[in-house]
Structures are given as structure tokens and as C-alpha cells.
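Colleague:
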Amino acid sequence: MAVGFTGGGAGGGEDQQRRYGGRVTAFAVLSCVTAAMGGAIFGYDIGTAGGVSSMEPFLREFFPEVHRRMQAGAGVGNYCKFDSQLLTLFTSSLYVSGLLTAVLLASWFTARHGRRPSMILGGLAYLAGAAVSGGAVNVYMAILGRALLGVGLGFANQAVPLYLSEMAPARYRGAFSNGFQFSLCLGALAATVVNYFAQKIKAGWGWRLSLGLAAVPAVLLTVGAIFLPETPNSLVQQGRDRGEVKAMLQKIRGIEAVDEELDDIVAANDPTGQDEDTDNNGLHMILSRRRYRPQLDMAILIPSFTQLTGINAIGFYAPVLLRTIGMNESAALLSTVVMVIVSSASTFASMFLVDRFGRRTLLLVGGVQMFVSEVLIGGIMAAKLRDEGQLTRTYALALIILIGVYSTGFGCSWGPLSWLVPSEIFPLEVRSAGQSVTVASGFVFTIFVAQYFLAMLCRLKAWLFFFFAGWIMAMTAFVYLFLPETKGIPIEQIDKVWGQHWFWKGVVRVEELPAAPEKL
3 MAVGFTGGGA GGGEDQQRRY GGRVTAFAVL SCVTAAMGGA IFGYDIGTAG GVSSMEPFLR
63 EFFPEVHRRM QAGAGVGNYC KFDSQLLTLF TSSLYVSGLL TAVLLASWFT ARHGRRPSMI
123 LGGLAYLAGA AVSGGAVNVY MAILGRALLG VGLGFANQAV PLYLSEMAPA RYRGAFSNGF
183 QFSLCLGALA ATVVNYFAQK IKAGWGWRLS LGLAAVPAVL LTVGAIFLPE TPNSLVQQGR
243 DRGEVKAMLQ KIRGIEAVDE ELDDIVAAND PTGQDEDTDN NGLHMILSRR RYRPQLDMAI
303 LIPSFTQLTG INAIGFYAPV LLRTIGMNES AALLSTVVMV IVSSASTFAS MFLVDRFGRR
363 TLLLVGGVQM FVSEVLIGGI MAAKLRDEGQ LTRTYALALI ILIGVYSTGF GCSWGPLSWL
423 VPSEIFPLEV RSAGQSVTVA SGFVFTIFVA QYFLAMLCRL KAWLFFFFAG WIMAMTAFVY
483 LFLPETKGIP IEQIDKVWGQ HWFWKGVVRV EELPAAPEKL
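Here you go:
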């Protein structure tokens, strides 16, 4: 048995799904496509932050010190041109507010009121943030706008992955859930295209257009969520009538015989055996019970590892990074557009691969690809890019290609699966709280990367990419050793795999876990 696999886990899950029955309905697909717009607002922000931060009119108005340093040229090292804590605060303020929203409000609200209302609130907050950012007259107003955007992301990132995982049939859950990351890539692509044309506006207000157009995906999410159905799992969690839930499940699955799946959903929400002093506090249950320890570790480590791949450093600051190696503003933004297209294509491919080859295979292959790319990127920059001067055309082209290879590896693996795996492994009674842990962990490390990447680039120079490569090696080993396969297993049955894993069965109390199906 390969390390990390559960014997027969996937096969048992597929047998269970066949007993459930059902098909992929247009109703479910359209609902998930609409909800996935929550990924587009996240992607648009990632693409916008880096592009706007490299635009000279924006820097001249809000960060004059950085602009003077960039214009000075001589005497300023290539790696330190953009080193400014105020500039990075502009980027990371969104994630600080997103973290606080996810921890203090979004988890409770999503569990109590449902996934759909959380998406509506997230869209409205993001819309307000877009308006403030686009109309900013000073740096503090720009940071306030970013903070409002963060509130929107806190709600959207909490609700959308749960919505997709719960709406999808088990055998296609990977493809449905990966739609969030694909939508994120499309949002980033839209942002980079907007940035490319916005920086050509000679009047200097192009950055306002880039920031203000964040309202477009926000409107799509808000209006779309108003008409979305709530997931059957959330309806059960809210105590809705069984007949109402059954009718919704029948519509989603396209068949009449849904009683077995509905019974599993109801059983997953059964409070029997919960301590009275928890008051159904999902976060307290996750932190205090051994049966949730594997899920808790995954919810913390997977999003944290994802940020330590360096992907958001490249996503936030790709135009800045490309200007560091000597490209002009327009060429840097155009190269970023090409890289985002490549990343989007690989994420789209992962939607078809994840339910065929499994989560572990994609994570392991993607990890190796990213590791090799990061080492080569660091090697070229260490050998050929000094504090002054530029890379030759050949080496600059090689660097762009390697960043594209790296982005492809991420888009097929850790990008989409860092949302999919945590959203599918928690039992229903703690699923919303578990997602808040996932979102909070991601935001914490995103803040770290966003706030300190430019300072680390200035001090570590090319060695920064070896720093990220070391983390990629560690996280790939972690997946090989500790992550069981969940392909094809119904979402309300996944918690059974931990009791059969070589390591986790010694951590959880097997007697606390539900009895495994005969074929698991």
C-alpha cells in the first residue's frame, strides 16, 4: 500500500455514489457556475494589486518615494526598487480584513444562515470596496478600499468552496470545486488585461479604472447569488423541513430516489453525542476533539503551504518582478497576461484530471514541477542578475518561460486543490467552522507573503526563490506521507478514511468515527 492511501477508499466511494444515483443536471451546473464568481473577485484582486503597484501614475500619486527610487536608476539595486512597507500594506490590508471577517463573522453567519446569504454579503462588501478604491484621493482611502474588499473576500471564500462541494455529485466533486480556482484564474486574467490597457491611458487615471472595475465580478456574484438555491446540506443544518430538503435534492440530482443520500446528510448533522457545553460551537469542537485532528491539520497546513509556494508573490508582483529584470512597464504587464492565460489553461485541465487521477497524484506531480522551476528561476537570477544592469534578452525569455512552467504546475495542482481538499474533508456539523480555519490560515500566510515579499526580495535577492523551493519540497513530502485519497467518496462519508490511514488511525480514536461502509 502506498504511503498515504487508504485501502479501497476510492472504490468504496464510487460504489456508494452509484447507490445514491443521480446525474449532472443543468440546474446544478448553472448554480455552481454562478457561485464560482466568488473566485473571480479573488482573482481580479490578485491580478489588480500587482499591476497597479507597477503603474507610474499610481506610484507617483500614492507612493512618491518608491516612484523616485524607480526613476533614479543608478545607485538603487534591482532587487530593492520597490521595497516599501507602505506599498505592501496597500496589498496586504485586504487580507488582514479578510482574516478578521472569516474568523469573527463569516463562519458563524454561513453556518447559521446558509451559504447563499454569505455570498450576497460578500458581493455587496466587495462592491463597496471597489467604489472606494477607484475613487481614492489619498493612500489611506486606498487602503480603506482594500480593507472593504477583504470583508467581501472573507465571506465569499468562506461560502463558495462549501457551496460547490455540497452541490456537486461525489464522482465529479473535484471538477465542480476546481471551478472556483478556474474562476479565480479568469478573474486574474481579466485584471491583467485591464491593467495592460489601463497603463496606456496617458491622462494617468488608468489605475482608477483597474481598481474600479472590480465592481463587475462583485455585481455578478451578488445578483447571481440572489437567485441561487441553498445547498441541501445547509438546509438540513438550518433545521428546514425534510420534505423541502428532499425536493431540492431531487431537483439537483435529477432523480426521485434521493432518500439514501438525504439520510446520510441528516445523519452527518445529527447532534447526538456532542457535548452540551459546546453549544454546537463548531470551532470549539474542532479544537477539542481528536476525531477532527486530521482535518484541522489539513485545514491549517494545506492553505499555508500553498502560500509558501511563492505563487501569490508572483501573482501580486509579477509585473514588479519583471520590471526588476529590466522590462518596461508595458512589456511586463503583457508578459503577465500571457502567464495568466497559461495558468488558466492548466487549471481548466485540472477540472478534468482531478476526478480521474485523484487529488494526491496531481499534488505530487505539480509539486515536483514547481520545485524544479523555482530552483532554475533562482539559479538564473543568482548567476545573471546583479544589483545593477539587466538580464540579457535570452535569459529574460528563459525566466518568463520558467515562470510559466511554474504557474502551469500550480494551476494543475495546489491552486485548485488547496480549495477543494479542505472544503470536502470536514463533517457537516463542523464544516463551516472548518472552512473558516482554512480561509484564516490562507489569509495569515498571504498577509506574510504580501507584506514581506518585496523586503525579502531586497535582502535575499535571488535566494528568495530557493526559500520557496525548500517549502515546495516539504509540502510535497507532506502530501505523500499524510494526505489520503478522497476521489469519488461522497462528502458525508469522507471522515471514515482517517481511521484507515497508516498515521492518522493512531491519532483519532477509531471508536469515535462512524462505521465505515462494507467496501471501504
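To convert, take the position in the sequence shown, counting from 1, and add 2; that gives the working numbering. All C-beta atoms in this analysis are idealised placements derived from N, C-alpha and C, irrespective of residue type, glycine included. Here the structure is a predicted model, which means the values were calculated and not measured.
Near A161, what residues of its chain come up, given a Cβ to Cβ distance below 6 Å and the 5 sequence neighbours on each side ignored?
Modeller: Taking the first residue of the sequence shown as 1, we reach residue 161 at position 159. If we look at A161 and ignore the five residues flanking it on each side, its Cβ neighbours are T112, R117, S120 and M121.
Colleague: Let me confirm a value: L289 is counted as buried when at least 16 other C-beta atoms fall within 10 Å, else exposed. Which label applies?
Modeller: Locating residue 289 in the sequence shown gives position 287, counting from the first residue. With fewer than 16 other Cβ atoms within 10 Å, it is exposed.
Colleague: So, do the region 146-157 and the region 196-204 have three or more beta carbon pairs nearer to each other than 8 Å?
Modeller: These segments do not touch.
Colleague: Please identify the residue among P219, N180, W110 and V54 whose C-alpha is closest to the C-alpha of A144.
Modeller: Position 142 of the sequence shown, counted from the first residue, corresponds to residue 144. If we check each option's Cα against that of A144, V54 comes out closest.
Colleague: With 16 other CB atoms within 10 Å as the buried threshold, where does A479 fall?
Modeller: Locating residue 479 in the sequence shown gives position 477, counting from the first residue. Flag for A479 reads exposed.
Colleague: According to DSSP, simplified to helix, strand and coil, what is S236?
Modeller: As a first step, residue 236 is located in the sequence shown; it is residue number 234 there, counting from the start. Three-state DSSP puts S236 in a helix.
Colleague: Since W465 is in the alpha helix (DSSP H), which residue starts that stretch and which ends it?
Modeller: The count along the sequence shown starts at 1 and reaches residue 465 at position 463. Looking at the DSSP string, the run of the alpha helix (DSSP H) that includes W465 is W465 to F484.
Colleague: Could you spell out where the alpha helix (DSSP H) holding E262 opens and where it closes?
Modeller: Looking up residue 262 in the sequence shown gives position 260. E262 -> alpha helix (DSSP H) spans D261 to A270.
Colleague: Is there contact between the region 171-180 and the region 410-426, where contact requires at least three CB pairs shorter than 8 Å?
Modeller: These segments touch.
Colleague: Under three-state DSSP, which class holds L166?
Modeller: Residue numbering aside, residue 166 sits at position 164 when the sequence shown is read from its first letter. L166: helix per DSSP, three-state reduction.
Colleague: If you reduce the DSSP assignment to three classes, tell me which class R291 lands in.
Modeller: The residue you call residue 291 lines up with position 289 of the sequence shown. R291 falls in the coil class under three-state DSSP.
Colleague: Along the alpha helix (DSSP H) that carries I43, what are the first and last residues, could you check?
Modeller: Stepping through the sequence shown from its first residue, residue 43 is reached at position 41. First-last of the alpha helix (DSSP H) with I43: M39 to S55.
Colleague: Measure the C-alpha to C-alpha separation of Q437 and L430 and round it to an integer number of angstroms.
Modeller: As a working note, residue 437 is residue 435 in the sequence shown. As a working note, residue 430 is residue 428 in the sequence shown. If you take the alpha carbons of Q437 and L430, they lie about 11 Å apart.
Colleague: Between which two residues does the alpha helix (DSSP H) containing T27 stretch?
Modeller: For the purposes of this step, residue 27 is taken as residue 25 along the sequence shown, with counting starting at 1. Unbroken run through T27: none, as it is neither H nor E.
Colleague: Under a Cβ-count criterion, where at least 16 other Cβ atoms within 10 Å of its own Cβ denotes burial, should I228 be classed as buried or exposed?
Modeller: To locate residue 228, count along the sequence shown from 1; it is residue 226. Its Cβ having fewer than 16 others within 10 Å, I228 is exposed.
Colleague: Hey, out of F354, T488 and R292, whose CA is closest to F184's CA?
Modeller: Here residue 184 is taken as the residue at index 182 of the sequence shown, counted from 1. With distances taken between Cα atoms, F184 lies closest to F354.
Colleague: Could you name the residues of the same chain whose beta carbon sits closer than 8 Å to that of P305, not counting the 5 residues immediately before and after it, in chain order?
Modeller: Within the sequence shown, residue 305 is the residue found at index 303, counting from 1. The answer, listed in chain order, is S420, P424, T440, V441, S443, G444 and F447.
Colleague: Would DSSP call G275 helix, strand or coil?
Modeller: In the sequence shown, residue 275 corresponds to position 273, counting from 1. Note that G275 scores 47 on pLDDT, short of 50, meaning its location in the model is unreliable; the coordinates nonetheless yield the value given after this. Reduced to three states, the DSSP call for G275 is coil.
Colleague: What's the C-alpha gap between S99 and G156?
Modeller: Walking along the sequence shown from the start, residue 99 turns up at place 97. Walking along the sequence shown from the start, residue 156 turns up at place 154. When rounded, the distance between both Cα atoms is 8 Å.
Colleague: For a test of the three-state rule: what should DSSP assign to H69, helix, strand or coil?
Modeller: Along the sequence shown, read from residue 1 onward, the residue named residue 69 stands at position 67. Three-state result, H69: helix.
Colleague: Identify, in the order they occur along the chain, each residue of the same chain with its Cβ nearer than 7 Å to the Cβ of E232, setting aside the five sequence neighbours on each side.
Modeller: By 1-based counting over the sequence shown, the position of residue 232 is 230. Closer than 7 Å at the Cβ level, and outside the excluded window around E232, lie G116, R117 and R118.
Colleague: Report the residue from F470, F60 and E258 whose alpha carbon sits nearest the alpha carbon of K204.
Modeller: What you label residue 204 is simply residue 202 of the sequence shown in a count that begins at 1. The residue with the shortest Cα to Cα distance from K204 is F60.
Colleague: Does L101 pass the burial test, meaning 16 or more other C-beta atoms within 10 Å, or should it be called exposed?
Modeller: Position 99 of the sequence shown, counted from the first residue, corresponds to residue 101. Counting Cβ neighbours within 10 Å, L101 comes out buried, since at least 16 surround it.
Colleague: Rounded to whole angstroms, what is the Cα-Cα separation between G208 and I402?
Modeller: Sequence index remark: in the sequence shown, residue 208 carries index 206 (1-based). Sequence index remark: in the sequence shown, residue 402 carries index 400 (1-based). Cα-Cα distance, rounded: 25 Å.
Colleague: Is DSSP giving R175 helix, strand or coil here?
Modeller: Counted from its first residue, the sequence shown places residue 175 at position 173. DSSP places R175 in helix when its eight states are reduced to three.
Colleague: So what does DSSP say about A213, is it helix, strand or coil?
Modeller: Reading the sequence shown from its first residue, position 211 is the one you call residue 213. Just to set this straight, residue 213 is Leu in the shown sequence, not Ala. In the structure shown, L213 sits in a helix (DSSP, three-state: H, G or I).
Colleague: When you compare only the Cα positions, how much space is there between A523 and G256?
Modeller: The structure shown has nothing for residue 523, since the chain only spans 3 to 522.
Colleague: Please name the residue in A220, W110, L123 and P171 whose C-alpha comes closest to that of G45.
Modeller: Locating residue 45 in the sequence shown gives position 43, counting from the first residue. Of A220, W110, L123 and P171, the residue nearest in Cα terms is A220.
Colleague: Considering only residues of the same chain and omitting the five flanking positions on each side of R295, which have a CB-CB separation below 7 Å?
Modeller: To locate residue 295, count along the sequence shown from 1; it is residue 293. V509 and V510.
Colleague: Can you name, in chain order, every residue of its own chain whose Cβ lies under 8 Å from the Cβ of L364, other than the five neighbours on each side?
Modeller: Counting from 1 along the sequence shown, the entry for residue 364 is found at position 362. Closer than 8 Å at the Cβ level, and outside the excluded window around L364, lie S352, L355, V356, C414, S415 and L419.
Colleague: Per the contact definition of three or more C-beta pairs closer than 8 Å, is the region 367-379 in contact with the region 465-478?
Modeller: Yes: the two stretches touch, three or more of their Cβ pairs being nearer than 8 Å.
Colleague: Figure out for me which residue from G312, G241 and N159 has the closest Cα to the Cα of V2.
Modeller: It is not possible to answer for residue 2, since the shown part of the chain is limited to 3 through 522.
Colleague: What does the Cβ neighbour count give for D279, buried or exposed, with the cut at 16 atoms within 10 Å?
Modeller: Reading the sequence shown from its first residue, position 277 is the one you call residue 279. Only weak support exists for where D279 lies, its pLDDT of 41 falling under 50; the value from the coordinates is given anyway. D279 is exposed by the Cβ-count criterion.
Colleague: If you count every other CB in all the chains shown that lies within 10 Å of the CB of V196, and 16 or more means buried, which is it?
Modeller: Position 194 of the sequence shown holds residue 196. The residue in question, V196, is buried, as its Cβ has 16 or more Cβ neighbours within 10 Å.
Colleague: Please state if the CB of P234 and the CB of V247 are separated by a distance shorter than 8 Å.
Modeller: Taking the first residue of the sequence shown as 1, we reach residue 247 at position 245. Taking the first residue of the sequence shown as 1, we reach residue 234 at position 232. Contact flag set, yes.
Colleague: With distances taken Cα to Cα, identify the nearest neighbour of V407 among A132, S56, G368 and R210.
Modeller: Locating residue 407 in the sequence shown gives position 405, counting from the first residue. Selected option, being the one with the closest Cα: G368.
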